[in-house]
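Engineer:
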Amino acid sequence: MRHTNFSMISLLLLLALLIVLLPAPAHSSTGITFPIIPYGTGEGNFGSNGVGQTAGVIPNPLTGDYRWGWHDTSGNYDNGWFPQNGLPTNRTYYDDYKRFVWRALEREKDNFTPGINLIEWHLQQAAQRGRRFAFRVMILSEYEGDVDGDGQTDGLTGVPDYIANDPTMGRRFASSKAECNNMFVPYWNNPAFLNRVEALMNALSVFDGDPRLAYIDIGIYGHWGEWHMSGMGFSSIPPEINATPETRMRLIDIVNQAFQQTRVLMLIDLDGDYPDRSGTGFVYAMETYPRMGVRKDNLANVWFEQEVSAWFPNVQAAFQNRWRTTPFVTEFFGGENESALQLAETQVISYHVSMVATNQWHNSSQRIEIGKAAGHRFQLNSAQWPSSVPAGYRFQLVSRWSNVGVAPAYEDWAPIWELYNSSGARVWSARSSLDLQRLLPTTINADYDVNTEETEGNGKNVPVMITDDLALPANLPAGSYTLRLRVPLITANGTEHPYLPPLALATQGRDAQGRYTLGTITVTSPSVAAPAITLVSNPSSRVVPLNQSITITATVTSVSPIGQVEFLVGGNVIGTDATAPYSLTWTPTTPGVFTVVARATDSGGRVGVSQPLVFDVQHRPRNRFALSLTATPSGPYIAPATLTVTATSSIPNLIRVDFYRGNTLIVSDTTAPFVATIGPLPAGTHTIMAKGYDTDGNTGMASLEITVNNPPKGPYGGVPRSILSRIELEDYDEGGNGVSWSDTSPTNEGGVYRNDSVDIQATNDTSGSYHIGWVSPNEWIEFTVTVPNTRQYYWQLRYASPPNTGNPVVSLSINGNPAWVNQNLPTTGASDWDFSRWQTWQTPTAVTLPQGTHVLRLTFGSGGMANYNWMTFIPAGDPSFHVWVPVVTRGN
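Remember, this note's numbering sits 141 above the position in the sequence shown when you count from 1.
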């Protein structure tokens, strides 16, 4: 008996072990490969759903073309939009964009009701047309009409009257541009003015997170709110109407504090009048606000590339890879000819532009191509799934996706698999782990074309494979169900967008509800139900900051014991738990949308999968702490000036301070006291900036405006040169540009010897250490000299010039009186661009120079190019001077 019982027990144990090792029931698989919508050219319709579009255009929100307009008082929403000549009349747009002057939003102090009503009306009108609305607030816009009906052009007075009538907040400027004459310009740096900007933005913050609002620009500052002060015809831009770095930072903070859920875009703030301040606002915005998008308003212009080139290294670094996580929106500023449109398409693709305004157009297919190229272009290439699945059991759905556009999605478009019964009712849905905000272009755009014609076969478009671990409800009746895909937009509160349609893919087969039919799944009745799982999380919010820990707990209902529960993020197992309560603590370290599911396996090998929890993990905006700068000595400063700058802060964990002169990093100091030596500084106004970092990654910024004055007019080194000595041309007088010299370039192109705008280079001549180069017509340099005796002198000049640019022309005057005028010098080079052969040239005639101390001015004419080393004077009739200053040609 004992033997028999032992055998039966052994058999039962063996059977139990086999059951545990059994996998989930295997089923045959089915799938579909979708035909894509080709990029195409020309006009026409695609699909069979009657949605007339341009062939190959995939209209979607925040991608491709958007409607650009200006404020219109007619009360008709269809007015005030830029004409769309050259674009199809049946083109669908999902984003409308307009600009408003401040006075249209606040008529009287603190009366923001007109502005709120105005924005609300535009949001309503856009929503009724299935669109979203975006806007910018500006002040300086000379083409704006009479917005508030008071009889004046509101672009000339873009602020409310209570600001325009306050002399402490700004003044009117005379302009050579008639439409800008008498324009009111605020004192941007005035704290009272900035407080009013904050009040305006706080009032408009009632629209923050409104699903009808697509985005806003950080406007206010500059011409058309574009963060520059050019193009208005003002003769000069005084410091009080050019925003300091601190003002730029505060304007950026004001808007971002008012709009924490709605997308905000920042323009690149380049300043021709104050180059030291160029890019300071843009860099701060990019570093401080990770979700900040980019706007540039000069598509199809060469400035488009120059503004993000190595000319502005701080801007280039902040801009370079921004497109990977935030949208890049632009508009035209390059004309309407064919070459400009071709350049625009190249720029859109090269710089990963998401949206292009309809503010300029051309009756050309080229304009249509630009809209096609911008933004994302997603394809569902194929999908595979089991042909039948028992109710309550897990299954895997494998899909392959491409992005043959130039940018990812920047909003939470959620691919959702759905089952529909025979009556057309949706009975089940599950979100895919695919994050379209991370699906970067899968196509190599080396030929500046949107390469949807490229295939996986030639290695230029390799789709990503997504494996979704899914489970059907245990109570789902047996039968045949239709499997579909839908990609709705998820709003900030976790619900589907109230009226925007699901995302359109470059995949054929989309129905009128924005769904793609994949095929069918047969649901069977299981003999034993698989485990059922529900998930909860702490915190419960689906929007969580980066690096915040999330605890996920699974509750499992099962007829059989549970072996383990696996937790998957994005389809990958990141943790397991074999003991109830089953939980996982997960700390996301990268931003994005993450799908979390739990998978429970019972002792019979049956597997259940939970419905997903979806988390939108966002960068936490960095805090800004106070930083201050002091300079020693405290001034006044005379060029060339060298000073010591010290950065201090009240925070205890300051670990590094970077010191900048304008946009150029001078030094990084990691030890307190944080100090930098700045200089030598030439005459002018200089922005000295410091950026501090604490141990938590927060930043603080501060700047000093340092004014360096020219030294008094006089000889370099304090002693006049004798005309009988060799006068090195780099030793021109001190006193400043326009006083002792005139040079058209802003800096010393050679970068040696002296720190002002005259261009000095180390010489390759056999005599002297430096020479003057890069001269332009009508530039000049002056020398204070002594003449020992009144008599006639010849003038000698040492120079080198290539033969291919023409004969150099020079003139010399004494005390403003011409001595030698427009002297043509023979070229010296042996070949084109040869500056190596030097010659000492002497005037053919002598001129009388009076005894005493005088000022000589050497002026460079409009002749050929040359480098100039030194000059001297030879007394007429005295042969002894020719012994040591021979007139010879020398070369290296």
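Heads up, the beta-carbon is just placed ideally off N, CA and C, and yes, glycines get one too.
Just the Cα atoms here: how many angstroms apart are VAL758 and LEU484?
Structural biologist: 37 Å
Engineer: Taking Cβ to Cβ, would you say LEU335 is nearer than 7 Å to ARG391?
Structural biologist: Cβ atoms of LEU335 and ARG391: closer than 7 Å.
Engineer: On the premise that SER450 lies in contact with THR171, defined as a C-beta separation below 8 Å, what is that separation, rounded to the nearest angstrom?
Structural biologist: For a cut-off of 8 Å, the C-beta gap from THR171 to SER450 is around 53 Å, too long to register as a contact.
Engineer: Compute the distance between the beta-carbons of GLY925 and PRO991, then report whether it is under 7 Å.
Structural biologist: Note that residue 925 is Thr in the sequence shown here, rather than Gly. Result no, Cβ atoms of THR925 and PRO991 do not sit closer than 7 Å.
Engineer: Over what stretch of residues does the beta strand (DSSP E) that includes LEU531 continue unbroken?
Structural biologist: The sequence given here has Pro at residue 531, not Leu. Taken as a continuous stretch (DSSP letters only), the beta strand (DSSP E) holding PRO531 covers 529 to 531.
Engineer: Assess, as a yes-or-no matter, whether the segment 957 to 964 is touched by the segment 877 to 894 under the definition of 3 or more beta carbon pairs within less than 8 Å.
Structural biologist: The segment 877 to 894 is not in contact with the segment 957 to 964.
Engineer: Look at the alpha carbon of ARG240 and the alpha carbon of THR675, and state the distance between them as a whole number of angstroms.
Structural biologist: 48 Å
Engineer: If contact is defined by three or more beta carbon pairs under 8 Å, each pair taking one atom from either stretch, is the segment 470 to 489 in contact with the segment 608 to 622?
Structural biologist: no
Engineer: Give me the Cα-Cα distance between ASN1008 and ILE829, rounded to the nearest whole angstrom.
Structural biologist: Distance from the CA atom of ASN1008 to the CA atom of ILE829, rounded to whole angstroms, is 34 Å.
Engineer: Using the Cα positions of MET324 and GLY374, report the straight-line distance between them to the nearest angstrom.
Structural biologist: 10 Å
Engineer: Could you compute how far the alpha carbon of PRO618 sits from the alpha carbon of LEU754?
Structural biologist: 25 Å
Engineer: Count the C-beta pairs between the segment 936 to 955 and the segment 893 to 902 that are closer than 8 Å, then say yes if the count reaches three, no if not.
Structural biologist: no
Engineer: Starting from the N-terminal side, write out each stretch of the beta strand (DSSP E) that is 3 residues or longer and does not extend beyond the segment 761 to 791.
Structural biologist: 769 to 773, 782 to 789
Engineer: Grab the span of the alpha helix (DSSP H) containing PRO454 for me, first residue to last.
Structural biologist: 454 to 460
Engineer: Roughly how many angstroms separate the alpha carbons of GLY858 and ILE868, rounded to a whole number?
Structural biologist: Using only the alpha carbons, I get a separation of about 13 Å.
Engineer: Within its chain, find whatever has a CB closer than 8 Å to the CB of THR174; leave out the 5 residues flanking it on each side and keep chain order.
Structural biologist: The residues are ASN522, SER523.
Engineer: Classify LYS318: buried if its beta carbon has 16 or more other beta carbons within 10 angstroms, exposed otherwise.
Structural biologist: exposed
Engineer: Going by the DSSP bridge assignment, what does GLU559 pair with across the sheet?
Structural biologist: SER570, ARG625
Engineer: Beta carbon of THR648, beta carbon of GLN520: below 7 Å?
Structural biologist: yes
Engineer: What are the complete beta strand (DSSP E) segments, minimum 3 residues, inside the segment 245 to 303?
Structural biologist: 273 to 279
Engineer: For ARG270, would you say it is in contact with chain C, using Cβ-to-Cβ distances shorter than 7 Å as the test?
Structural biologist: In the structure shown, chain C does not exist; there is a single protein chain.
Engineer: Buried or exposed: which applies to ALA767, given that a residue is buried once 16 or more other Cβ atoms fall within 10 Å of its Cβ?
Structural biologist: exposed
Engineer: On a Cα-Cα basis, can you pick out the residue from TRP211, LEU281, MET606 that is closest to GLY360?
Structural biologist: LEU281
Engineer: Helix, strand or coil, according to DSSP, for VAL547 in the structure here?
Structural biologist: coil
Engineer: In whole angstroms, what is the alpha-carbon distance linking PRO604 and PRO179?
Structural biologist: Take the alpha-carbon of PRO604 and the one of PRO179: they are about 16 Å apart.
Engineer: Closest by CA to ILE922, which one among VAL706, PRO781, ASP302, ILE955?
Structural biologist: ILE955
Engineer: Assuming LEU406 and GLY363 are in contact, meaning their beta carbons sit under 8 Å apart, how far apart are those beta carbons, in whole angstroms?
Structural biologist: Rounded, the Cβ-Cβ distance is 15 Å, inconsistent with contact.
Engineer: Give me, in chain order, the residues of the same chain whose beta-carbon lies closer than 6 Å to that of SER863; leave out the 5 immediate sequence neighbours on both sides.
Structural biologist: THR927
Engineer: Could you check what DSSP says for ASP494 in three-state terms: helix, strand or coil?
Structural biologist: Reading the sequence as shown, one finds Val at residue 494 and not Asp. Per DSSP, reduced to three states, the secondary structure at VAL494 is coil, with no helix or strand assignment.
Engineer: With C-beta atoms as the reference, is PRO667 less than 7 Å away from PRO468?
Structural biologist: no
Engineer: Run through DSSP, which three-state label would ASP1019 get?
Structural biologist: coil
Engineer: Just to confirm before moving on: does the CB-CB distance between ALA571 and TRP558 stay below 7 Å?
Structural biologist: yes
Engineer: Is THR836 near ILE792, with beta carbons less than 7 Å apart?
Structural biologist: no
Engineer: Going by C-alpha distance, which of HIS760, THR720, LEU538, LEU687 is nearest LEU659?
Structural biologist: LEU538
Engineer: For PHE1014, which three-state DSSP category applies?
Structural biologist: strand
Engineer: If I follow the unbroken alpha helix (DSSP H) through GLY350, where does it start and stop?
Structural biologist: Counting along the chain, GLY350 sits inside no alpha helix (DSSP H), nor does DSSP assign it H or E at all.
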